[in-house]
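Trainee: These protein sequences, in sequence, are chains R and D. Everything in the first sequence is counted per this note's numbering, starting at 420 for the first residue and increasing by one. Everything in the second sequence is counted per this note's numbering, starting at 33 for the first residue and increasing by one. Got a structure here, written out as structure tokens. Questions coming.
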Amino acid sequence: MIEVRNLTKWYGRVLAVDNISFEVAVGQVVGFLGPNGAGKSTTLKILTCYLPATGGRVSVDGLDVLADSLAVRRRIGYMPERVPLPGEMRVREYLTYRAALRDIPVSRRRAAVDRAAERCWLSTPEDMTRRRLDQLSRGYRQRVGLAEVLLPDPPVLVLDEPMIGLDPAQIRAMRELVTALGADHTVILSSHILAEVEQTCSHLVIIAGGRIAATGTPAELRRRVVGPSRIIAELKGAEPDELAAAVAALDGVSDVQHARAGKWTRLTISGDDESDARSAVAALAAEKGYPLRELRRDVASLEEFFVQITYDQSITQARREPA
Amino acid sequence: MRKTLIIARRELLGYFVSPLAYVVGAMFLAASNFWFFHRIFLPGQAASMRPLFESMAYLMVVALPLLTMRLISEEYRSGTIELLMTAPVTDAQVVIGKFIGVVGFFLAVLATTLVPLMLMVVFGRPDAGLVIMGYVGLILLGSAFLAVGLFASATTEYQLVAAIVAGAILSALVFLPGAVVAYGHGPWSRLAARVNLMTYFKDFARGIFDTRGVILLGTVTALFLFLSVKTLESKRWR
């Protein structure tokens with residue numbers, strides 16, 4: 420659905436996006452993840468025909484964003500960062516105006532506005548459609564932005580930081596909405612918070628310093644970047660070496676490391692991708708009569724990897740600055 | 033065309049909820065009525081709107097930039113330009129839509145001068161041709177001024193800067209040719225006489241329909257609308 424090839428963008432002498440390529444297939448919900456200033460928004464702005472690229476090609480549904488700009492814009496619903504809105508208009512008035520701009524015929528405009536407002540919790544539980552846009556709180560502005568995107572029901576949705584500024588309940592609601600939309604739309608959403616996208620998105624594109632650091636499904640990335648999951652066990656009743664050797668002999672265990680934790684021995688057990696040696700460890704402890712005080716699976720998180728990327732970017736930028 | 037009218041409608045409605053537009057409208061109304069009752073609506077005066085139209089033309093140099101300054105600057109400042117330019121509308125549709133919107137509001141302000149005209153019809157017998165040509169001249173001149181203002185608004189995100197730039201361009205267009213004619217000589221002076229918008233406008237106010245005036249004012253309007261579209265386009269590349 421979306422194809423980005425060798426995309427490069429310079430703002431004057433600042434390189435914002437450095438030769439990135441990725442693809443988004445129909446029906447995917449893609450999380451565009453990166454620290455602040457990574458080039459997320461710039462990429463999305465090029466994708467939505469707001470900014471032209473310095474180099475490379477971007478196509479949506481086989482249409483080039485420069486050559487067929489209007490056709491691409493008809494296929495995309497775009498919610499910019501911070502959701503700019505004309506303050507003097509009222510919610511319904513604004514949505515009706517946008518519906519007109521987005522080619523919704525007069526006869527269907529009212530119904531489309533009602534539907535989008537309802538879907539984004541603007542008419543229920545509290546009717547906000549008569550409020551002035553400049554009187555809305557952050558969360559409601561976000562909802563108006565989303566309602567505007569959903570009005571014409573385009574096949575591709577591009578949401579720049581859709582969850583920023585929302586309270587926890589709203590974040591959950593937004594997450595559910597995005598998941599629901601993912602069923603019949605292609606969605607790209609950007610974020611600099613990993614936890615947000617990890618749960619909502621079927622695919623992740625991690626970008627830092629204008630380059631792609633990693634792409635794949637969250638599970639793939641976890642395995643590739645962080646390695647397979649580990650099991651942590653704390654036992655006593657024998658010498659650490661002995662315990663480690665006993666556990667290492669179990670099925671599916673490839674490596675065991677041990678450390679002392681007071682009178683206890685803490686074992687870090689690595690295994691194959693899909694293996695789970697917890698029950699085997701428990702059985703072993705029961706059989707030998709070793710007291711067992713902890714046994715858990717340490718699911719690898721992308722968080723550390725992501726923090727590392729962010730950190731690397733700030734170092735690279737600091738190096739670039741004096742130039 | 034449909035998209036253009038949608039934008040024009042939104043822009044026009046926007047003026048009716050904008051305090052600034054009311055202030056400008058009131059200023060226009062007060063000035064035109066003061067002039068009318070102070071200078072024209074007196075025993076023994078000719079039943080002619082001409083002095084009023086001429087003073088209004090000069091008033092427009094100051095007043096119209098205040099109407100046009102927000103047109104595009106405000107979109108830049110609030111960031112709504114991003115939503116406008118990612119919607120399926122062309123830059124030309126945006127510019128022309130906004131232009132039609134502000135011309136609509138200008139016509140509404142101009143319509144307030146129909147009240148003094150009414151009084152004149154009741155108490156005297158103004159020449160219909162003179163009055164109609166006066167309005168034609170004002171509308172043509174006003175459109176050109178509004179196009180200049182729209183262009184100034186497309187260049188900057190600061191409304192104040194847009195108003196000052198528009199005022200400066202309009203002052204140059206209105207006063208410079210006259211000065212060149214008065215103090216210069218040779219080809220420059222002849223050229224200045226040809227492009228003096230106010231001479232053509234005064235002809236209209238005198239009841240003369242001069243196609244040269246229509247073409248010159250129309251060209252100025254088209255030129256600045258074109259420049260606005262190009263300026264808006266160029267903003268993408270920066």
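Every residue gets a Cβ at the ideal spot worked out from N, C-alpha and C, and that includes glycine. No experiment lies behind these values; they were computed from the predicted model shown.
1) In the DSSP assignment, the alpha helix (DSSP H) including W683 of chain R goes from what residue to what residue?
2) Taking CB distances under 9 Å as the criterion, tell me whether W269 of chain D reaches chain R.
3) Taking E114 of chain D as the query, report the chain R residues whose CB atoms sit under 7 Å from its CB, ordered along the chain.
4) Sorted by chain position, which residues of the same chain lie with C-beta nearer than 6 Å to T145 of chain D's C-beta, five sequence neighbours on each side aside?
5) Tell me the DSSP bridge mates of H677 of chain R?
6) For the 8 Å Cβ check, are there 3 or more pairs between the segment 227 to 243 of chain D and the segment 83 to 92 of chain D?
7) Which class does K655 of chain R belong to by DSSP, given the choice of helix, strand or coil?
8) If we ignore side chains and look at the alpha-carbon of each, how far apart do H677 of chain R and C620 of chain R end up?
9) Could you give the DSSP three-state label for M498 of chain R: helix, strand or coil?
10) If you measure beta-carbon to beta-carbon, which residues of the segment 513 to 534 of chain R are closer than 8 Å to chain D?
11) Between K262 of chain D and chain R, is there a C-beta pair that is closer than 9 Å?
12) Within the same chain, show all residues whose beta-carbon is closer than 7 Å to that of F131 of chain D, passing over the 5 residues directly before and after it, in chain order.
13) Determine the extent of the beta strand (DSSP E) in which W429 of chain R is found, giving its start and end residues.
14) What's the gap between the Cα of R268 of chain D and the Cα of Y559 of chain R?
15) Kindly confirm or deny that the segment 495 to 508 of chain R and the segment 567 to 578 of chain R touch, where touching means at least three C-beta pairs closer than 8 Å.
16) Please list, in chain order, all residues of the same chain as R697 of chain R whose beta carbon is under 7 Å from its beta carbon, the five residues on each side excluded.
17) Does the contact criterion of 3 or more C-beta pairs under 8 Å hold for the segment 242 to 261 of chain D versus the segment 161 to 172 of chain D?
18) Taking just the CA atoms, how far does R42 of chain D sit from L485 of chain R?
19) Taking buried to mean at least 16 other C-beta atoms within 10 Å of its own C-beta, is P587 of chain R buried or exposed?
20) In terms of residues, what are the limits of the alpha helix (DSSP H) holding D235 of chain D?
21) Give the secondary structure of A78 of chain D by DSSP, where H, G and I count as helix, E and B as strand, and everything else as coil.
22) Can you find a C-beta in chain R that's less than 9 Å from the C-beta of K234 of chain D?
23) Please tell me whether Q732 of chain R and G456 of chain R are closer than 9 Å, where the distance is taken between their beta carbons.
24) Along the chain, which unbroken stretches of the alpha helix (DSSP H) at least 4 residues long are found entirely within the segment 524 to 557 of chain R?
25) Pull out every residue of the segment 128 to 154 of chain D whose Cβ sits closer than 8 Å to any Cβ of chain R, in chain order.
26) Using CA coordinates, which residue listed in R:R501, R:T462, R:L623, R:P471 is at the minimum distance from D365 of chain R?
27) Would you kindly work out how many angstroms separate the C-alpha atoms of R643 of chain R and T729 of chain R, rounded to a whole number?
28) How is R509 of chain R classed by DSSP in three states: helix, strand or coil?
29) Could you check how far apart the C-beta atoms of I631 of chain R and I439 of chain R are, in whole angstroms? I think they sit under 8 Å.
30) What are the residues of the segment 473 to 489 of chain R that lie near chain D, defined by any Cβ-Cβ distance shorter than 8 Å?
31) Where V700 of chain R and K682 of chain R are concerned, what is the direct C-alpha to C-alpha distance, given to the nearest angstrom?
32) Using DSSP bridges, identify the partner residues of L623 of chain R.
33) Can you confirm whether the segment 75 to 89 of chain D touches the segment 143 to 161 of chain D when touching is taken to mean that 3 or more C-beta pairs between the two stretches lie within less than 8 Å?
34) Measure from the C-beta of I104 of chain D to each C-beta in chain R and report whether the shortest distance is under 9 Å.
35) What in chain R is Cβ-close to A119 of chain D, meaning under 7 Å?
36) Applying the criterion that 16 or more other CB atoms from any shown protein chain within 10 Å of the CB defines a buried residue, is Q191 of chain D buried or exposed?
Mentor: Put simply:
1) It is not in any alpha helix (DSSP H) - W683 of chain R instead sits in the beta strand (DSSP E) that spans 683 to 690.
2) yes
3) Y469, P499, P503
4) S64
5) R:L686
6) yes
7) coil
8) 36 Å
9) strand
10) Y516, R517, A519, L520, R521, D522
11) no
12) L178, A179, L182, L257
13) 421 to 430
14) 29 Å
15) yes
16) I650, L714, R716
17) yes
18) 28 Å
19) exposed
20) 229 to 237
21) coil
22) no
23) yes
24) 525 to 538
25) none
26) The structure shown does not extend to residue 365 of chain R, since chain R is modelled only from 420 to 742, so the question has no answer here.
27) 18 Å
28) strand
29) 5 Å
30) L489
31) 19 Å
32) R:G450, R:G635
33) yes
34) no
35) R492, L520, R521
36) buried
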